[in-house]
């Protein structure tokens, strides 16, 4: 508890001085971003490796989808009963009846090794009915193997139907390449805070830090948090960061909530992707 509080104080102090010194430009999106319009789709699906990822990365999507009277489903890949209850409570801040929650029952920390089983689960869950659906999956260059494994499984499940696929990758709390994102949606900070407050089991995760950084992405708003997305295209080619020899050494440590290094995360992510590309660590879309 004391250690967690100390990290938060250190983060807040570093962010304060970084703003004063003009060092927070790396946290802003210099590229033009398109606002996502969920009303174009009849169904919205959010794939969350862990309970809380849907809140961290897609609260805006869930809120706008409910407002637009879309069919909404959150697919949780892993999670204990208590964490599932936390997600249900968080989502109830938006709607207690308009968002369906599906739990797939995979083990936390083992999604990457179970990605072929997850691929089959996703095919069984959605079959061929994807034309009018928009999927939101974790950013493939997150520094978390469960996130990477979930997105690889998704890409493999629908690799033969990419021309019909409407999908975006969403940013969570890990190091990402800022210039890679092309879309956004805003959510009220008050709503996001209420949702975050339900995740009592995640006391070590500095949700306040996440909100502070996300208010910088597009502007310095005090009332709106910006969530970032990257559209998946049929011609996209990705690399698998988990195959880097040093991935396990930095997994989970390179994040937006690190009290000191959060300003350099985008550079670290870019360097890792370049390294994986140079080493030919591309993703195979062939099912095993």
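In my numbering, the protein residues as written are 382 to 669.
By construction, the Cβ of each residue, glycine as well, lies at the ideal position given by its N, Cα and C atoms.
Where residue 457 sits in the DSSP three-state scheme:
strand
Just the Cα atoms here: how many angstroms apart are residue 591 and residue 598?
Their backbone Cα atoms lie some 11 Å apart in a straight line.
Alpha carbons only, please: which of 488, 586, 576 is nearest the one belonging to residue 606?
576
Using a Cβ-Cβ cutoff of less than 6 Å, which residues in the same chain neighbour residue 666 once the five nearest sequence positions on both sides are dropped?
Answer for residue 666: 537, 540, listed in chain order.
Residue 416 bridges to which residues according to DSSP?
565
Could you compute how far the alpha carbon of residue 659 sits from the alpha carbon of residue 652?
11 Å
Going along the chain, which residues of its own chain have a beta-carbon closer than 6 Å to the beta-carbon of residue 643, five neighbours each way excluded?
637
Identify the continuous beta strand (DSSP E) that holds residue 586 and give its terminal residues.
Per DSSP, residue 586 belongs to no beta strand (DSSP E) and is neither H nor E.
If you measure between the beta carbons of residue 443 and residue 504, is that distance less than 8 Å?
no
Inter-stretch contact (C-beta, 8 Å, three-pair minimum) for the region 513-529 and the region 417-430
Under the Cβ criterion (8 Å, minimum of three pairs), the region 513-529 counts as touching the region 417-430.
From residue 496 to residue 399, what distance separates their C-alpha atoms?
39 Å
With a 10 Å radius around its C-beta and 16 neighbouring C-beta atoms as the bar for buried, classify residue 530 as buried or exposed.
With 16 or more other Cβ atoms within 10 Å, it is buried.
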